[in-house]
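In the UniProt record's numbering, the protein residues as written are 1 to 451. Heads up, the thing below is written out as C-alpha cells.
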C-alpha cells in the first residue's frame, strides 16, 4: 500500500547524441539542448535507478555542498540579486541567504530521523503481523523557481528534494537572468552534476519540460502559469505542488500602548515593503482597521516609512516595465487615485514606486480584487474589528492572515471562522522561518511513504 507524501520528482526517457549527453553531464543545460531535450530526463532516470541518490551519505554531501555554495558565493549572490531586482545586501541576506542556510543546516540535523522507518499500528486481527512506514524518494523532480526570491525559492525546494534522495532539474525564472546564470554556473560545481541539472530559458523551455512525465513537479509563481502547469501535468497524471499568490490581509485591532502600536507598525512595514518592495506572495496585501483608529494608524505609518526608507536603494525596484505598468495602472483608476493618502509617486526610469497608502479604495476596483504584488497598501475601515472576519470570509482563501491584537476572543474567532494557509498574530511574514512544519514540508514534499 502506498501513501503519497509531500515531495517531488520527475520521470522521462529520450535518446540523444553523444554531444548532448556530454552537455547534460556538465550539470547546466543550454537552452537549445533543453528545447530538443536530448537524453536529459532519461539520463537522470538512469542515475536515480542506479541508487546513486538514495544513500544518506550522498544526501548529506549534497546538503553540505549547498552550504558551501552559500558561504563561498555570498557576494556573488548579492551582486546577482542587485542586478535583477535592486535588492539591498541586507535584504538579500535576511530573505534569501541567511534563512536558506539555516534551513539546509536543519535538514542535515534532522535527515536521519526523517528518513528512518516508523512503526505503524496494526489491528489485533492482524497479529502477529507488524508494519513499517518506510520513506522513499519519488525519483526525478522538476522545480520551477520564481523571480522575486530567485535564490531562496530555487535552492530551498532543491535542498528538500536532495534531502529526500531525488534526482532534480531546476528551471530558474528567466525574469531574473543574473540569478539564473549564477545558478547555472555554480550548482554543477558544488553538487553532483550527474543527478542535479539546471535548465535555463523562457516559457518555451518550461513547456518542453512539461511534455515529459515527472514523478513530481513544484511550481512557484502566478495562477495563470500554474493552471498551464497543471494542465500539462494531467497528461501523465504527474503530481504537482503549486505555490501561488493571494491577497493576504492584516487585521489591526488597536493595541493598548504607544510602544505596542509602534512595534506593530514597524512589523507591518517590514512585512509589506522590506521584502522585494511587496513583491512577495505572503506580503501584506491590504489592512483592516476600525474607522476611529484609521487616522492614527495612517500617521504612524507615514512617519515610520520616512524613517525606514531614507534612501532609494533601501527598497528593491519593480521587476520590469510590464510589472511597473501593471502597478501604475492600478493607481490610474480615478476612484483609486482619490483614495491615496501617502506616496503614489512612480518613476518609470528607475522602475520604482514610492510606498503608497490608500484609504478605502473601492472594493470593486482592481487594486482590491487582484493580488497587488507591489508597494501599494490599501487600508479598509470597518465599524467594529469583528466585522473584519465577515469581510475575510467573503474573499478567496489567502496564503496568510495576519492580525495585531491582544483580544483572545478575536484570535479564537479568526482561527475557527476563517480559512488560510497560516495565521500569525502580532507579527507578519515570519511564519515561514519559525514554524518547523513550513520548512520541513519542503522536504517531505519529495517523499513517498510505502507501507
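We put the CB at the ideal spot given by N, CA and C, even for glycine.
Worksheet item: Do residue 110 and residue 141 have their CB atoms nearer than 9 Å?
Response: no
Item to complete: Can you have a look at residue 71 and say buried or exposed, based on whether 16 or more other CB atoms are within 10 angstroms of its CB?
Response: exposed
Worksheet entry | Delimiting residues of the beta strand (DSSP E) encompassing residue 195 | Residue 195 -> no beta strand (DSSP E), and no H or E assigned at all.
Worksheet item: When the Cα of residue 360 is compared with those of 254, 271, 290 and 174, which residue comes out closest?
Response: 290
Fill in: Integer Cβ distance of residue 253 from residue 403, believed to fall under 8 Å
7 Å
Fill in: residue 84 vs residue 175 beta-carbon contact at 9 Å
yes
Item to complete: Determine the direct distance from the alpha carbon of residue 150 to that of residue 179, and round the result to whole angstroms.
Response: 7 Å
Fill in: Inter-stretch contact at 8 Å, needing at least 3 Cβ pairs: the stretch 292-301 / the stretch 378-394
yes
Discussion item. Just to confirm my understanding: we take residue 230, look at its own chain, exclude 5 residues before and 5 after, and list those with CB closer than 8 Å. What are they?
Written reply: 240 and 242
Item to complete: If I'm right that residue 99 touches residue 160 with Cβ under 8 Å, what's the distance once you round it to whole angstroms?
Response: That belief does not hold up - the Cβ atoms of residue 99 and residue 160 are roughly 14 Å apart, past 8 Å.
Item to complete: Would you check whether the ligand FAD has a heavy atom nearer than 8 Å to the C-beta of residue 49?
Response: This structure does not include the ligand FAD; it has no bound ligands of any sort.
Worksheet item: Does DSSP classify residue 231 as helix, strand or coil?
Response: helix
Worksheet item: Using a Cβ-Cβ cut-off of 8 Å (strictly less than) and excluding sequence neighbours within five positions of residue 350, which residues of its own chain qualify?
Response: 312 and 317
Discussion item. Taking 9 Å as the threshold (beta carbon to beta carbon), is residue 343 in contact with chain D?
Written reply: No chain D appears in the structure shown, which is made up of a single protein chain.
Worksheet item: Does the separation of the CB atoms of residue 162 and residue 304 fall below 9 Å?
Response: no
Item to complete: Use the C-beta contact count for residue 453: other C-beta atoms within 10 angstroms, 16 or more gives buried, fewer gives exposed.
Response: Lying before the first or after the last residue shown, residue 453 is absent from the chain, which here runs from 1 to 451.
Item to complete: Measure the beta-carbon distance from residue 331 to residue 344 and round it to whole angstroms, keeping in mind my assumption that it falls under 8 Å.
Response: 6 Å
Discussion item. So residue 66 and residue 155 are supposed to be a Cβ contact under 8 Å. How far apart are they, rounded?
Written reply: 6 Å
Practice prompt. Return the Cβ separation of residue 420 and residue 397 in integer angstroms, given the expectation that the two are a contact with Cβ distance under 8 Å.
Written response: 6 Å
Worksheet item: If you count every other CB in all the chains shown that lies within 10 Å of the CB of residue 124, and 16 or more means buried, which is it?
Response: exposed
Worksheet item: Would you call the stretch 255-267 and the stretch 208-224 in contact, with 3 or more CB pairs under 8 Å?
Response: no
Discussion item. Relative to the C-alpha of residue 64, which candidate in 284, 158, 126 and 391 has its C-alpha closest?
Written reply: 158
Worksheet item: If we call anything under 9 Å between Cβ atoms a contact, is residue 114 one with residue 137?
Response: no
Worksheet item: Of the choices 77, 365 and 214, whose alpha-carbon is the least far from that of residue 182?
Response: 77
Worksheet entry | Cβ pair residue 245, residue 416 closer than 9 Å | no
Worksheet item: So residue 268 packs on residue 282, CB below 8 Å; how close in whole Å?
Response: Not really, about 13 Å apart at Cβ, beyond 8 Å.
Discussion item. Assuming contact is defined by CB atoms lying nearer than 9 Å, are residue 261 and residue 91 in contact in what I supplied?
Written reply: no
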